[in-house]
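Accompanying notes for the structure given below.
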Amino acid sequence: MTLPASLPESLRHLALAPDGRAWLTRLPDLVARATERWDLDLAAPFTGGSAGWTCLARHRDGDTRWPLVLKISFPHEEAAHEADALLHWQGHGAPRLVDHDPDDWALLMRALAPGTPLSASSMTTERALRAGARVIAELHAAPVPAEGEFPTLEATIAWWGDLLHRRAEQHTWAPTDAELVAEWDRVAEELTATPHRRVLLHGDANPGNVLASEEEGRLRWCAIDPKALVGDAAFDPWPLLEQVEPDPFDAADPAAELLERASLVAPLLGTTARAIAGWSFVRRLESTLWLTDLVPRDARTASSAEWLDLARQWGETRVWHEAYRRV
2 MTLPASLPES LRHLALAPDG RAWLTRLPDL VARATERWDL DLAAPFTGGS
52 AGWTCLARHR DGDTRWPLVL KISFPHEEAA HEADALLHWQ GHGAPRLVDH
102 DPDDWALLMR ALAPGTPLSA SSMTTERALR AGARVIAELH AAPVPAEGEF
152 PTLEATIAWW GDLLHRRAEQ HTWAPTDAEL VAEWDRVAEE LTATPHRRVL
202 LHGDANPGNV LASEEEGRLR WCAIDPKALV GDAAFDPWPL LEQVEPDPFD
252 AADPAAELLE RASLVAPLLG TTARAIAGWS FVRRLESTLW LTDLVPRDAR
302 TASSAEWLDL ARQWGETRVW HEAYRRV
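With positions in the sequence shown counted from 1, the corresponding number in this note's numbering is that position plus 1.
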């Protein structure tokens, strides 16, 4: 199958995924179907995004603005409930969903203008953390969905646990820390057994997914690209705490810096710094072993840069574990 010549570079990696090349080949037809279905004019596609094709859009009624966004997602489990989540939030802390086609995984949403990500803002660290946490809190304020509407954090953790141990056993060549893997089980069990505030989680509230939107002269922030599931509110802040500049792992005492950030956002989310630190350790170790899985399994074929990156990932995972132990 030949890939479309106009395909954004950020999507080409999907050609290596199961069914990815077939989806990329069909993508021009999916875009054409959405254009016809909703009578749209389309701007050039955005160049970012690794699991979906997106662009600004407008109805063919003479409007000179671009008030809409068309998104067509590569079918995968994490995106399966994006439309349901946007409908549940009804524009509070997230883009408002105008329409969607579940068969084509196509979403038509209100555009966020100017759409500047929190990661590109000139805010101080504290202000950026508070802004991101308030968006998460706005999402969490929605009513808890009925049982069965969304995946649960508990089911996700059970799946992660099996996957995590399998990856740790497969990658004996990598700088895997067996003690941390065993500790993951204990911390995950403790967190899921502890009473907590149950909400509809965003699942990927990193500062690149938090965008500025000016409405009626007022600037607000909204979170895009949810990977929605129901569970403990303390699960959501992890990427925000790590990715707001400056890099917390460059601090003299990284664990103390991360705890300070967790303590700052915890009251805004109705949770505790300990719960946030625990879930951050759980998520970080899962992410580290996922990244390990992407590196060639034969250590002799892994580049020095890949080795250094894996060592850094494991080091930062240990920092989160230390932060959790200190609370």
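Virtual Cβ for every residue (Gly too), placed ideally from N, Cα, C.
Check your understanding: Considering only C-alpha positions, which residue in the set Thr157, Leu8, Glu170 is nearest to tryptophan 24?
Key -> Distances from the alpha-carbon of tryptophan 24 to those of Thr157, Leu8, Glu170 put Leu8 closest.
Check your understanding: Ends of the beta strand (DSSP E) at proline 46?
Key -> 41-46
Practice item. Would you please state the rounded distance, in angstroms, between the beta carbons of proline 96 and leucine 87? I believe it to be under 8 angstroms. Key: Indeed they touch by this definition, with Cβ atoms about 6 angstroms apart.
Point to revise | Cβ pair count under 8 angstroms reaching 3, the stretch 228-237 against the stretch 141-159 | key: Touching, yes, given that three or more Cβ pairs across the two stretches are closer than 8 angstroms.
Check your understanding: Can you tell which of Met124, Arg219, Asp254 has the C-alpha that lies nearest to the C-alpha of proline 208?
Key -> Met124
Exercise for review: Would you list the residues sitting across from proline 247 in a DSSP beta bridge?
Suggested key: According to DSSP, proline 247 bridges with nothing at all.
Review point. Looking only at DSSP bridge pairs, what is tryptophan 272 linked to?
Key: A small correction: the amino acid at residue 272 is threonine; tryptophan does not occupy that position in the sequence shown. The partner list for threonine 272 (beta bridge, DSSP) is empty, contrary to what the question assumes.
Practice item. Quick one: measure Cβ to Cβ for leucine 98 and leucine 108, integer angstroms, because I've assumed they're closer than 8 angstroms. Key: That pair is a contact at about 6 angstroms.
Check your understanding: What number of angstroms, rounded off, separates the C-alpha of alanine 274 from the C-alpha of proline 118?
Key -> 25 angstroms
Exercise for review: Report the option in Phe250, Trp239, Pro247, Ala252 whose CA atom is closest to the CA atom of glycine 264.
Suggested key: Per the sequence presented here, residue 264 reads as serine, with glycine not at that position. Nearest C-alpha to serine 264: Trp239.
Point to revise | Under 8 angstroms between C-beta atoms of alanine 224 and leucine 140 | key: yes
Exercise for review: Check whether the Cβ atoms of phenylalanine 47 and threonine 55 sit closer than 8 angstroms, and answer yes or no.
Suggested key: yes
Practice item. Can you give me the Cβ contacts of arginine 285 inside the same chain, cut-off strictly under 6 angstroms, excluding the 5 residues immediately before and after it? Key: Setting aside the 5 residues that flank it on each side, arginine 285 is surrounded in the same chain by Thr318, Trp321, each with a C-beta closer than 6 angstroms to its C-beta; the list follows chain order.
Exercise for review: Using the Cα positions of leucine 69 and leucine 201, report the straight-line distance between them to the nearest angstrom.
Suggested key: 25 angstroms
Review point. What are the boundary residues of the beta strand (DSSP E) that includes glycine 53?
Key: 53-60
Exercise for review: Let me know the alpha helix (DSSP H) ranges lying completely inside the stretch 66-131, each 4 residues or longer, listed in chain order.
Suggested key: Counting only runs of 4+ residues, the alpha helix (DSSP H) found wholly inside the stretch 66-131 occupies 83-90, in chain order.
Point to revise | Outcome for aspartate 163 when other beta-carbon atoms lying within 10 angstroms are tallied against a minimum of 16 | key: exposed
Check your understanding: Hey, out of Gly92, Asp205, Asp294, whose CA is closest to glutamate 216's CA?
Key -> Gly92
Practice item. Just tell me which of Arg168, Trp315, His166, Ile137 has its CA closest to the CA of leucine 221. Key: Note on residue identity: the sequence assigns arginine, not leucine, to residue 221. The option with the nearest alpha carbon to arginine 221 is Ile137.
Review point. Counting along the chain, where does the beta strand (DSSP E) carrying tryptophan 222 start and finish?
Key: 219-224
Check your understanding: Buried or exposed: where does aspartate 100 fall if 16 or more other Cβ atoms within 10 Å of its Cβ makes it buried?
Key -> Counting other Cβ atoms within 10 Å of its Cβ, aspartate 100 stays below 16 and is therefore classed as exposed.
Practice item. Just the C-alpha distance for threonine 272 and arginine 198, rounded to the nearest angstrom, thanks. Key: 7 angstroms
Review point. If you run the structure through DSSP and keep just helix, strand and coil, what is leucine 8?
Key: coil
Review point. CB-CB under 6 angstroms to histidine 82, same chain, minus the five flanking residues each way: which ones, in chain order?
Key: Phe151, Ala229
Exercise for review: Classify aspartate 40 as buried or exposed, calling it buried when 16 or more other Cβ atoms lie within 10 Å of its own Cβ.
Suggested key: exposed
Practice item. Compute the Euclidean distance between the alpha carbons of threonine 293 and leucine 269, then round it to the nearest angstrom. Key: Taking the straight line from one Cα to the other gives about 34 angstroms.
Exercise for review: Tell me whether the beta-carbon of alanine 276 lies closer than 8 angstroms to the beta-carbon of leucine 192.
Suggested key: Yes.
Point to revise | Simplified DSSP state of arginine 198, which is helix, strand or coil | key: coil
Exercise for review: Report buried or exposed for alanine 80, applying the criterion of at least 16 other Cβ atoms within 10 angstroms of its Cβ.
Suggested key: buried
Point to revise | Closest by C-alpha distance to tyrosine 325, when choosing among Arg313, Thr65, Glu287, Leu259 | key: Taking each of Arg313, Thr65, Glu287, Leu259 in turn and checking the Cα distance to tyrosine 325, the smallest one comes out for Leu259.
Practice item. Would you kindly report the start and end of the unbroken beta strand (DSSP E) that includes glutamate 216? Key: Per DSSP, the unbroken beta strand (DSSP E) holding glutamate 216 starts and ends at 211-216.
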